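Structure first, then comments.
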């Protein structure tokens, strides 16, 4: 039976989300079907059903700590492997960020955050530069957490950074509990993305001397 995370579910009056910077992506292949809706100017509302309980938990806290309104629905060939589902959710979420940011006029562009989680400590830095790149430094004490291989989280963030056209740096400084380690990475990424996507009132155009935030 699928486990659905419904805490902080958008009420009917907020189902259309808050603000105007929003996007949705529906992606269907022979391996997966993924639907993601995102509002950058949210309050941390979420409804997540990825068919992977631990990933549901991570996506929910990503929305909560980034103040994003997020809806994720996904099914995939999980009987074969979780890789395709995790990768395609990362792609869809990243594309939602890219589309919701639009021409990126007025955004801060850069964001950085560090997050402790009991025994774990992680940091994230992001640049919505239009040049996708991932630096991922994380060593875990176990190859699995819950039902998932921990190597899948690097694939998630790589897919996210590519589709969002973002330069994303993630580092797990230390930690022994794998659940805490992964959670710290997702929370740090959420907070960094929130900061970078916020509107800077002093910025009238794009935050770049070349006048554009594209590759």
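Numbering (this note's numbering), first residue to last: 31 to 245. Note that beta-carbon positions come from the ideal geometry of N, C-alpha and C, so glycine has one too. These numbers come from a predicted model, not from an experiment.
Cut-off 6 Å between Cβ atoms - residues of its own chain near residue 228, not counting five sequence neighbours on either side: As a working note, residue 228 is residue 198 in the chain shown. Here the set comprises 138.
Spatially closest choice to residue 220 from 120, 184, 173 and 93, by CA coordinates: Here the question's residue 220 lines up with position 190 in the chain shown. Of the listed residues, the one whose Cα sits closest to residue 220 is 93.
Cutoff 6 Å; reference residue 165; Cβ partners in own chain excluding five residues on either side: One-based indexing of the chain shown puts residue 165 at position 135. Contacts found: 199.
Inter-stretch contact at 8 Å, needing at least 3 Cβ pairs: the segment 165-178 / the segment 133-147: Cβ pair count under 8 Å is below three, so no.
Buried or exposed by the 16-neighbour rule on C-beta atoms within 10 Å, applied to residue 244: Taking the chain shown and counting its residues from 1, the one referred to as residue 244 is at position 214. With fewer than 16 other Cβ atoms within 10 Å, it is exposed.
Minimum length 3: unbroken beta strand (DSSP E) runs contained in the segment 85-165: 99-106, 140-147 and 150-157
Validate contact between the segment 106-126 and the segment 64-79 using beta carbons, cut 8 Å, 3 pairs: yes
Separation of residue 131 from residue 32, as counted between CA atoms: Here residue 32 refers to the residue found at position 2 when the chain shown is read from its first residue. Here residue 131 refers to the residue found at position 101 when the chain shown is read from its first residue. Confidence at residue 32 is low in this model, with a pLDDT of 40, below 50, so the placement of that residue should be treated as unreliable; the coordinate-derived value is given next. Rounded to whole angstroms, residue 32 to residue 131 spans 32 Å at the Cα level.
Supposed close pair residue 162, residue 195 - CB separation, criterion 8 Å: On the chain shown, residue 162 is found 132 positions in, with the first residue counted as 1. On the chain shown, residue 195 is found 165 positions in, with the first residue counted as 1. Contact flag correct, Cβ pair sits at about 5 Å.
Secondary structure of residue 82, DSSP reduced to three states: In the chain shown, residue 82 corresponds to position 52, counting from 1. Of the three classes helix, strand and coil, the one that applies to residue 82 here is coil, per DSSP.
Outcome for residue 212 when other beta-carbon atoms lying within 10 angstroms are tallied against a minimum of 16: Taking the first residue of the chain shown as 1, we reach residue 212 at position 182. Buried.
Of the listed residues 214, 99, 156 and 204, nearest to residue 188 (C-alpha basis): Taking the first residue of the chain shown as position 1, residue 188 is located at position 158. Of the listed residues, the one whose Cα sits closest to residue 188 is 156.
Where residue 112 falls, given that 16 or more other Cβ within 10 Å makes a residue buried: Your numbering for residue 112 matches position 82 in the chain shown. Classification of residue 112: buried, given that the 10 Å Cβ count is 16 or more.
Option in 218, 223, 217 and 174 with minimal Cα separation from residue 207: Translated into the one-based positions of the chain shown, residue 207 becomes position 177. The shortest Cα separation from residue 207 among 218, 223, 217 and 174 belongs to 174.
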